[in-house]
Structures are given as C-alpha cells and as structure tokens.
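Residue numbers (my numbering), protein chains in the order written: chain A, 8 to 420; chain B, 13 to 312.
In this text, a Cβ means the ideal position worked out from N, Cα and C, and glycines have one as well.
Source: prediction; values computed, not measured.
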C-alpha cells in the first residue's frame with residue numbers, strides 16, 4: 008500500500024512535469040501577449056493601454072512581457088523555431104529584415120484595409136520586399152543635439168560655430184592639466200552616433216540594393232571631423248553612453264547628442280534642456296542625418312484563424328490616434344498617426360517641435376538584414392579610428408571590406 | 013556488470029531508481045536534448061537565410077571552423093586568458109589561504125572581506141571595473157596619475173589594455189573561490205604531520221612542499237579543472253568589461269566569439285560546430301588533466 012502511494016505520487020509528479028514541459032506553454036485563447044523592448048516609461052503607457060483594451064473587450068486579456076532588445080530578438084527566434092512566441096512583437100523597424108528572412112513574421116497586407124492605413128505617416132508603414140510587416144505607433148527614435156540652457160543659451164547652428172564655442176566651453180578649471188568640462192559628449196562606442204556626421208558629409212551606409220557604401224570620401228571626411236573634435240578636446244577622449252549622460256547631468260558637458268529615450272532622465276536630473284538640430288556641416292552645407300526609425304508591432308507568423316483576428320483587433324486598438332497620442336504626452340514621442348498630430352501639444356511643446364525639426368532632416372533606418380552586418384562592420388573600424396589605430400582612410404576601407412565579408416557570411420549556404 | 017546482474021540490481025533497488033528518475037528526466041529535457049540538437053545543427057546550414065528550411069551539409073561547418081585563421085588566433089588568446097587567470101587565481105588563492113590558516117586576530121573578518129569579490133554578482137563587479145577603467149574619469153587612471161605619477165592608460169580603447177583590463181577583473185573575481193577551496197583543504201591536513209616534521213627539523217619551505225602541497229593536491233586539482241573550464245568559457249567578464257569585445261572585437265575569446273556569431277550574425281550551424289569544438293577541447297583537457305594528475309586517487 009505504501010509503495011502504491013509512493014508510485015502514485017511519483018506518477019502525479021511526472022504528469023505535472025510533462026504538462027509543464029508540453030502542455031503548460033499552450034496559450035489561453037483569450038490571452039494576447041506582446042513582447043516588447045520598449046524602455047520603462049513606454050511600458051507604463053502600454054500597461055495602461057492594455058488595461059483599457061481588456062476593459063473594453065470583456066473576455067480578452069492583453070499582457071506585455073519585456074525583454075532587452077537583443078534578448079527579445081533571440082528569444083523570439085527561438086520561440087519561432089518551436090512554433091510558438093507572442094502574438095505581437097514590438098520593436099524598431101530594423102527587426103523586420105531578419106525576422107522576414109527567417110519566416111517568423113507575417114505580412115499585414117490582407118489583414119488591414121488600405122483606407123485604415125491611409126492616415127498613418129508613410130514612415131510608420133514598414134514594408135519589406137513590397138509587403139507590410141510592421142505597423143508603428145511611434146516614429147522618430149532619432150538623435151538630436153541636447154543642450155543645457157543654463158550653460159549654453161543658444162546652441163551652435165554650424166560645425167564652425169561648434170568648434171568656436173567648443174574651444175570656450177571645454178576647460179581645465181583647476182589647472183591640473185586635465186579637462187574638467189567639455190562642450191559636447193556622445194557615445195563613441197556605437198556607430199549609430201556616427202551616422203549623422205556621415206550624412207552631413209553626403210554619405211550613407213548602403214545603396215538601394217543594400218550594398219554597403221562605406222569606403223567613401225564622406226566617411227573619411229566625417230571621420231576627420233570627429234578626430235578633430237577629439238584633438239581639440241571639444242569632446243572627451245573616451246566616452247560611452249553612461250559617461251556622456253553623467254557628464255551632461257552633472258553640468259560637465261554643455262551639450263550631448265542623444266535620442267528621445269534620454270530626455271526624461273535629463274529632466275529628472277534637473278537639467279534645463281533644449282533640443283536642436285545637430286549642427287550643419289559648414290564644409291558641405293548639409294545637415295547631419297540621424298537615422299530615423301519607426302517602432303511598432305509585427306505579427307507572429309504562427310498565428311492563424313481566430314487568434315490572428317484577435318491580435319489584429321489589439322493592433323488596431325494600440326495604433327488608434329487617441330492611443331498613440333498617449334506616448335506623445337508621456338514621452339514626447341512623435342505619433343505614427345497624422346490625425347494625432349493635430350493635438351495642441353504639437354504647437355506648444357518646444358521639445359516636440361525641435362524633435363520634429365531634427366526628424367525632418369533625418370533619414371529612415373534601412374530595414375534590410377544587411378544593416379546588421381554593416382553595424383557590426385562599422386563598430387570595430389570606428390573604434391579603431393577613435394583610439395588612433397586606424398587613419399580615416401584605413402577605417403573607411405576596413406568598414407567596407409568587413410561589411411562585405413559579413414554579408415557574404417550571413418547569407419552563405 | 014552484465015545484463016543479469018543489472019536486472020537483479022534494478023529489482024533490488026527499484027525504489028531508488030524511481031526516485032532518481034525525475035532528475036534524469038529533467039536533465040534529459042534541459043541538458044541532453046539541447047546538446048543533441050546542437051550536434052544536429054552543427055552538421056546543417058542553418059543560418060539567417062536557411063532558418064526553417066535548413067538541410068544537412070555534413071562537415072562543412074567544421075571545415076569552416078578549422079580553415080578560418082581567426083579560430084587559431086582566438087584559440088591562442090583563450091589559452092592565454094585561461095592560463096594567466098588560473099595562475100593568479102591559484103597563487104593568490106593559496107597564498108591567502110595559507111595566511112588565513114594561521115591564528116590571526118580578526119581572521120573571520122579577513123575571510124569575509126576576501127570572499128566579497130566572489131559574493132558580489134559578477135555583472136555588477138564587471139561593470140564597476142569597466143567604470144574604473146575609464147581613461148579620464150576612472151579610478152585606476154586617477155590613482156596611477158595622482159598617486160604614482162604614471163601616464164594614463166587607454167584601458168578600454170586599446171586592444172592590449174582592454175584585454176588586460178578584462179584579465180585583471182577576472183583575477184579579482186576568481187581568487188576567492190580558490191582561496192576558499194584551499195582553506196578547506198588546509199584545515200583538513202592533520203596537525204600531527206607538521207608536528208612530526210618539526211621534530212624532524214624540517215623547514216617551513218620543506219613542510220610546504222612535502223606536506224601541504226601533496227595534501228592540497230586532491231582538493232585543488234578538481235578546483236583547477238573547474239577553474240579552467242569556467243575561465244575558458246567565461247563569457248560574462250569579457251563581454252561586460254570590454255562591452256561586447258571592444259575595441260574593434262579585439263578582446264574576444266572563443267565563447268564570446270560564438271555568441272557574436274549566433275546572436276549578431278545568425279550563423280547557427282557554424283556556431284554550433286564551433287561550440288562542439290570548444291566542448292571537445294575542454295573534454296579532452298578535463299580527462300587528460302585528471303588522469304595526469306591522478307586527482308581522483310586517495311593520498312592517505
């Protein structure tokens with residue numbers, strides 16, 4: 008009898024394990040899941056929207072699960088391989104390329120009507136190879152010049168002004184031979200921050216066929232400008248994102264180049280910030296071109312039938328004008344719906360107006376999967392340029408040859 | 013054990029087998045299945061463009077691993093990384109254990125303080141060290157300049173110094189484990205052996221090499237084996253201190269390189285093959301090292 012009880016208990020344990028392993032992950036048909044990489048203030052807004060959706064649609068429960076950007080992509084790929092994953096996946100437009108090539112997202116073409124898409128900003132409708140794969144709730148995500156109004160009431164409009172102002176603001180205050188304040192700081196680690204300057208010298212990362220275009224005169228001249236800023240100590244010798252933020256928050260950097268994700272932190276730290284365009288390149292007369300991307304929702308390729316219809320219902324709700332506007336109020340984000348931009352906040356909020364002004368000279372971030380190889384090819388060469396191991400000419404050549412090699416490897420059989 | 017004896021053993025210990033079955037099942041799901049799947053993938057062309065429609069390509073991915081010169085460069089760097097780290101982990105760990113094994117005042121406090129680097133979550137330590145290695149504002153360069161009047165070093169932007177910075181961080185993180193193991197081993201050595209050696213007139217140095225070292229060996233060899241495997245595969249420190257292999261992907265060891273191939277370049281087949289090569293290297297090392305050092309044999 009005792010052995011029977013033990014055997015029964017073990018049997019129940021096995022059954023429980025098998026349920027957890029194979030049955031426990033089966034989704035509730037009335038529970039919709041979104042995986043998101045949005046930063047914390049954005050997730051707060053999403054939470055309130057999901058609660059509203061669940062209230063308005065009794066019987067349906069929508070939830071979000073947060074992952075850091077890289078983790079989101081890798082987990083989604085793994086889940087997709089196993090035929091599962093969330094209903095909607097939220098992230099920047101450049102996730103479309105790889106996820107499309109892997110067959111893990113499905114197009115909205117037959118699921119959304121042309122008339123309901125008409126009011127979206129064209130940049131918010133992210134297409135790849137002619138099919139709509141991402142519907143954005145926000146556009147922008149672009150770098151701007153952020154300045155501390157107390158230190159610098161009027162930001163430089165051109166690079167010549169930047170050099171002139173920079174030499175006044177970068178100073179050794181205590182005479183120990185080390186600079187205590189800098190005019191400008193930005194994250195030197197990521198080539199994303201190099202892109203505006205590349206555009207300002209007339210270059211770009213790839214052509215229409217997604218072939219890298221990095222070994223150009225524009226790359227060389229942009230690189231020379233950045234090294235000049237360092238040589239003149241207008242920017243720190245080494246600087247990552249954390250340090251740039253710290254210097255700016257402590258008033259040790261008068262300006263910083265950063266995106267909308269950073270503004271809230273600066274305001275919370277008590278910095279009286281203003282936004283402006285990254286200064287026009289005096290040599291070319293061109294405005295720097297930060298990459299502009301939409302962020303929005305892709306539909307899991309594994310969804311079919313009624314579940315897919317419910318996911319589309321949720322998508323329509325999340326991209327409705329009144330709902331995307333919530334992000335504008337909370338984050339100063341630019342909504343994907345043109346209708347939403349008629350709101351009064353767009354005529355009275357200086358941050359939002361400046362952000363839109365910078366956006367107007369930005370360029371959309373390419374969504375082809377080759378972009379990933381280009382980032383990874385640019386990063387080492389850019390870092391070697393900054394630490395003095397490569398000349399601008401060598402860095403441009405290395406970016407190009409590495410990008411071509413990585414693209415070959417990524418698409419190799 | 014032949015089949016009859018095995019069956020007899022199973023009948024006699026049925027309940028014991030039943031009890032360990034759940035853990036075998038769990039291990040099967042979380043270790044064995046992924047491992048076997050990795051082997052399968054390593055013979056395939058699974059990649060960005062062949063993710064769901066992959067096919068078997070035989071030894072092609074292994075050919076790529078062994079024909080890429082970068083593999084040998086990374087292998088040598090990984091060996092150097094492992095050897096340097098282990099050398100300092102063991103020497104510092106044993107040295108401190110010998111000191112802490114003496115009747116010092118406040119010994120418990122010293123032990124606690126010396127275990128702290130191990131107790132703090134690794135990523136916090138790694139990120140803290142990264143901050144301290146900053147060229148202009150980091151504590152290391154400030155101390156070097158202000159206390160020792162030395163020139164600042166480009167810890168994070170020069171490949172050699174970035175590799176050194178990661179190594180220093182990992183030495184800091186690794187010595188407490190060896191110290192704790194060595195201390196446990198030292199405390200298990202019978203005092204009578206040292207008393208007898210004293211009577212025979214053996215010097216402290218002779219006592220160390222004839223009593224301490226041989227009796228510490230059975231404790232330290234498995235710890236060193238583990239240390240080699242952990243350090244060889246220590247992804248966290250390299251990734252966090254050098255921020256993903258920076259500058260210029262120059263600080264990668266094999267395991268961080270594999271991560272980049274998988275999660276940045278979607279080269280699943282290639283990365284699976286490289287992972288198995290790493291596994292093979294460590295397996296061969298583990299077997300060879302334990303046999304060579306006779307670590308599993310009793311000493312007294």
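Tell me where the alpha helix (DSSP H) around residue i begins and ends.
| i | result |
| --- | --- |
| residue 367 of chain A | Premise fails: residue 367 of chain A is in no alpha helix (DSSP H) and is neither H nor E. |
| residue 383 of chain A | 377-393 |
| residue 271 of chain A | 267-275 |
| residue 119 of chain B | 119-131 |
| residue 228 of chain A | 224-238 |
| residue 218 of chain B | 216-219 |
| residue 91 of chain A | Where residue 91 of chain A is concerned, there is no enclosing alpha helix (DSSP H), given that its DSSP letter is neither H nor E. |
| residue 21 of chain B | 15-24 |
| residue 102 of chain A | Taken as a continuous stretch (DSSP letters only), residue 102 of chain A belongs to no alpha helix (DSSP H), as it is neither H nor E. |
| residue 398 of chain A | Taken as a continuous stretch (DSSP letters only), residue 398 of chain A belongs to no alpha helix (DSSP H), as it is neither H nor E. |
| residue 63 of chain B | From DSSP, residue 63 of chain B is part of no alpha helix (DSSP H); its letter is neither H nor E. |
| residue 160 of chain A | Taken as a continuous stretch (DSSP letters only), residue 160 of chain A belongs to no alpha helix (DSSP H), as it is neither H nor E. |
| residue 319 of chain B | Here chain B covers residues 13 to 312 and nothing more, so residue 319 of chain B does not appear. |
| residue 167 of chain B | No alpha helix (DSSP H) holds residue 167 of chain B; DSSP gives it neither H nor E. |
On the DSSP bridge list, what partners appear for residue i?
| i | result |
| --- | --- |
| residue 406 of chain A | Paired residues: none, contrary to the question. |
| residue 429 of chain A | In the structure displayed, chain A extends from 8 to 420; residue 429 of chain A sits before or after that span and is not available. |
| residue 305 of chain A | A:96 |
| residue 342 of chain A | A:145 |
| residue 178 of chain A | A:188 |
| residue 38 of chain A | A:68 |
| residue 113 of chain A | A:306 |
| residue 134 of chain A | A:139 |
| residue 199 of chain A | Residue 199 of chain A pairs with nothing; no bridge assigned. |
| residue 260 of chain A | A:189 |
| residue 165 of chain A | A:287 |
| residue 298 of chain A | A:370 |
| residue 361 of chain B | Residue 361 of chain B lies beyond the residue range present for chain B, which begins at 13 and ends at 312; the question has no answer from this structure. |
| residue 43 of chain A | A:73, A:97 |
| residue 127 of chain A | A:344 |
Let's see if you can read the secondary structure: which residues bound the beta strand (DSSP E) around residue i?
| i | result |
| --- | --- |
| residue 72 of chain A | 68-73 |
| residue 155 of chain A | 151-155 |
| residue 282 of chain A | 280-283 |
| residue 231 of chain B | Note, residue 231 of chain B: premise wrong, no beta strand (DSSP E); alpha helix (DSSP H) at 225-244. |
Let me make sure I understand the geometry here. Which of the options has the alpha-carbon closest to that of residue i?
| i | options | result |
| --- | --- | --- |
| residue 232 of chain A | A:138, A:179, A:295, A:189 | A:295 |
| residue 156 of chain A | A:283, A:399, A:227, A:249 | A:283 |
| residue 253 of chain B | B:183, B:221, B:212, B:280 | B:183 |
| residue 56 of chain B | B:66, B:47, B:287, B:294 | B:66 |
| residue 88 of chain A | B:62, B:108, B:74, B:111 | B:62 |
| residue 227 of chain A | A:292, A:399, A:299, A:257 | A:399 |
| residue 209 of chain A | A:369, A:42, A:314, A:181 | A:369 |
| residue 234 of chain B | B:124, B:47, B:102, B:45 | B:102 |
| residue 93 of chain A | A:357, A:62, A:36 | A:36 |
| residue 380 of chain A | A:408, A:234, A:229, A:414 | A:414 |
| residue 112 of chain B | B:208, B:246, B:188, B:256 | B:188 |
| residue 235 of chain A | A:120, A:270, A:204 | A:204 |
- Against chain A: residues of the segment 247-261 of chain B by CB proximity under 8 Å: The segment 247-261 of chain B vs chain A, Cβ under 8 Å: 255, 258, 259, 260, 261.
- Query: Is there contact between the segment 81-91 of chain A and the segment 280-289 of chain A, where contact requires at least three CB pairs shorter than 8 Å?
  - Reply: no
- Task: May I ask you to list, following chain order, the residues of the segment 109-121 of chain A that have a beta carbon less than 8 Å from some beta carbon of chain B?
- Result: 109, 110, 111
- Message: Whether or not the segment 214-225 of chain A and the segment 320-330 of chain A are in contact is what I'm after, with contact meaning three or more pairs of Cβ atoms, one per stretch, closer than 8 Å; do they touch?
- Response: no
- Item | chain B contacts from the segment 377-401 of chain A (Cβ-Cβ distance under 9 Å) | 379, 380, 382, 383, 386, 387, 388, 389, 390, 391, 393, 394, 395, 396, 397
- Counting pairs of Cβ atoms below 8 Å between the segment 373-392 of chain A and the segment 101-118 of chain A, do you hit three or more? yes
- Interface positions of the segment 262-293 of chain B facing chain A (Cβ-Cβ less than 7 Å), listed along the chain: 275, 276, 277, 278, 279
- Message: For the pair the segment 65-80 of chain A and the segment 338-353 of chain A, tell me if three or more CB-CB distances fall below 8 Å.
- Response: Short answer: they don't touch.
- Mind the definition here: the segment 192-199 of chain A touches the segment 239-259 of chain A only if three or more C-beta pairs lie below 8 Å; say whether that holds. Contact between the segment 192-199 of chain A and the segment 239-259 of chain A is present, because at least three Cβ pairs lie under 8 Å.
- Do three or more CB pairs link the segment 15-23 of chain B to the segment 36-56 of chain B at distances below 8 Å? no
- Query: Along the segment 249-275 of chain A, what residues have a CB closer than 7 Å to any CB found in chain B?
  - Reply: 250
- Message: Please list, in chain order, the residues of the segment 77-106 of chain A that have any C-beta partner in chain B closer than 7 Å.
- Response: 77, 81, 105
- Below 8 Å, can you find three or more Cβ-Cβ pairs linking the segment 255-264 of chain A to the segment 150-169 of chain A? The segment 255-264 of chain A, when compared against the segment 150-169 of chain A, does touch it at the 8 Å Cβ threshold.
- Message: Can you confirm whether the segment 179-199 of chain B touches the segment 266-274 of chain B when touching is taken to mean that 3 or more C-beta pairs between the two stretches lie within less than 8 Å?
- Response: no
- Task: Pair every Cβ in the segment 157-169 of chain B with every Cβ in the segment 387-399 of chain A, then say whether three or more of these pairs are closer than 8 Å.
- Result: At 8 Å Cβ cutoff, the stretches touch.
- Does the pairing of the segment 109-124 of chain A with the segment 292-307 of chain A give three or more beta-carbon distances under 8 Å? Three or more Cβ pairs drawn from the segment 109-124 of chain A and the segment 292-307 of chain A lie within less than 8 Å of each other, which places the two stretches in contact.
- Meets three-Cβ-pair contact criterion under 8 Å: the segment 230-249 of chain B and the segment 84-97 of chain B: Pairwise C-beta distances place the segment 230-249 of chain B in contact with the segment 84-97 of chain B, as three or more of them are shorter than 8 Å.
- Task: Check whether the segment 276-283 of chain B touches the segment 293-300 of chain B, taking contact to mean three or more Cβ pairs, one atom from each stretch, closer than 8 Å.
- Result: No, they do not touch.
- Message: With three or more C-beta pairs closer than 8 Å as the rule, is the segment 71-79 of chain B touching the segment 148-157 of chain B?
- Response: no
- Using a beta-carbon distance cut-off of less than 7 Å, what residues from the segment 187-206 of chain B approach chain A? Answer in chain order: no residues at all.
- Query: Listed in chain order, which residues of the segment 185-198 of chain A have Cβ atoms closer than 8 Å to some Cβ of chain B?
  - Reply: 185, 186, 196
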